[in-house]
Amino acid sequence: MTASGGRLSVYGQVMLNLKLGGYEFEHAFLLADIENDCILGVDFLSKYGCDVLLSKQKMVVRGQSITCFSCIADGDMNSSCKVVIQDKCTIPPSSEVIVKGCLTGTIPIQAVGVIEPRENFISKYGLMVAKVLVDPFRGSVPVRIMNLSDKPCTLYSHTVVGNFDEVNDSILQESIRRLDVLSEQDTGDALPVYLEELFKRSCVNLDQAHTGALKGLLLKYRDIFSKSAGDLGLTHLTQHCIDTGDTKPIKQHPRRIPLARREAAENDVRAMLEHGVIEPSTSAWCSPVCIVEKKGGDGIRFCIDYRKLNSVTNKDSQPLPRIDDTLDALVGAAWLSTVDLKSGYWQVPMRAEDKAKTTFSMLGGGF
């Protein structure tokens, strides 16, 4: 968890020797993708008796005074801050989008400033961030991002895209193009990016009047559509239950995954963790993972062998309607439409007391 409340990916932990003044300390450090080379936490300062004197810009380590240097110049404490992505977004190939960004620092209420792209952003993500003048609205700013590649690129919430630098009124003398912040209530008739392709495909055989009606319908129900690969949604109408009665937990050993498919399987687990559809588990139940290659060799299918769990589960009765009755109901219909869930398997929540029964083992742990 970052200081601003965002999620931070941690790659692991390592023991390192750190020199401060004339002392050397051995401490466990977490490896993460952060802008700073190293951050000393409260655990380190407390363990080794370090006192930080902000007013004197010094740190006292076991009686020895060490001078500290601020990374922010005097007088600029509130004039510059980081710009991060508010929500996860996907930028289509050869496209430019405007996404909502947030400022992580404290700025004056009437501040106007310039968004400067992060120095290594284009080399890391292959995306270009526009340098624009913005007027923050409740800590939010618009961020223009362009994807010049032939593949979509996903940015996750709280990804740092640049810096916001306050601009003095004296600098605003020449005429420049200004990009104002639009609140959610002022978006007008513009369709969200994630609905543009659907709208385009649906307007092929429609006249102008029906096209406008369709656009209004999509805008009215925009919240029921998935905005990205990780935006799944969750129903509140029911929960999935696994009734095993008094059966003792069944724990199976993990199966060996072929080396050629191991990396793809590990990536799937990380993606599921990122999307919040699985979580670490230490349950007494455990089922093995089975990796199946998709037809045509286009990736893998991540499967879990729940046959032993199913064998001790009391089955539900869910009769389907008769096919002939369904066909009779469609007689005379001129237009047929279907509604599909983004990923129905993940969109029905599991009953809390049954979650442990779905545990599987991967990456040396349970999920």
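Residue numbers (the UniProt record's numbering): 1 to 367. Just so you know, even glycine gets a beta-carbon here, dropped at the ideal spot from N, CA and C. From a predicted model like this one, the values you see are computed outputs, not experimental measurements.
- Take Val114, set aside five residues on each side of it, and the residues of its chain with a beta-carbon closer than 8 Å to its own are Lys131, Val132, Leu133, Val134, Phe164, Asp165, Val167, in chain order.
- Between Leu309 and Lys342, the C-beta gap is not smaller than 9 Å, which leaves the two residues out of contact.
- With a cutoff of 9 Å on beta-carbon distance, Leu103 and Pro136 are scored as near each other.
- When C-alpha distances from Ser361 are compared across Val331, Thr338, Arg256, Trp335, the shortest belongs to Arg256.
- 9 Å or more divides the Cβ of His240 from the Cβ of Pro288.
- Its Cα nearest to that of Ile145, the residue Pro92 stands out among Glu279, Leu16, Pro92.
- In this structure, DSSP gives Phe360 an extended state, which the three-state scheme calls strand.
- Per DSSP, Met146 is one residue of the beta strand (DSSP E) stretching across 140-147.
- A distance of 9 Å or more separates the beta carbons of Leu31 and Gly49.
- Under DSSP, Ile304 takes part in a beta bridge, and its partners are Val289.
- Beta-bridge annotation (DSSP): His158 is not paired with any residue.
- Ser228 is not a Cβ neighbour of Thr326, given a cutoff of 9 Å.
- Taking 9 Å as the cut-off, the beta carbon of Asn314 is found closer than this to the beta carbon of Asp243.
- Secondary structure of Leu195 (DSSP, three-state): helix.
- Per DSSP, Glu24 lies in no alpha helix (DSSP H) segment; the continuous beta strand (DSSP E) that holds it begins and ends at 23-32.
- The Cβ atoms of Gly21 and Ile85 lie no closer than 9 Å to each other.
- Under the DSSP assignment, Asp207 falls outside any alpha helix (DSSP H); it carries neither an H nor an E label.
- For a cut-off of 8 Å, the C-beta gap from Cys303 to Val312 is around 20 Å, too long to register as a contact.
- For the pair Ser226 and Gly344, the Cα-to-Cα distance works out to about 12 Å.
- Contact between Val14 and Phe25 fails: their C-beta atoms lie close to 14 Å from each other, not under 8 Å.
- In the three-state reduction of the DSSP assignment, Glu263 falls in the helix class.
- Counted as a single uninterrupted DSSP element, the alpha helix (DSSP H) harbouring Ser123 occupies residues 121-125.
- Arg201 and Ala190 have their C-alpha atoms spaced approximately 17 Å apart.
- Short of 8 Å from the beta carbon of Lys294, and not among the five residues preceding or following it, lie these beta carbons of its own chain, in chain order: Ile300, Arg301.
- Here Gly113 carries a strand assignment [DSSP, helix/strand/coil].
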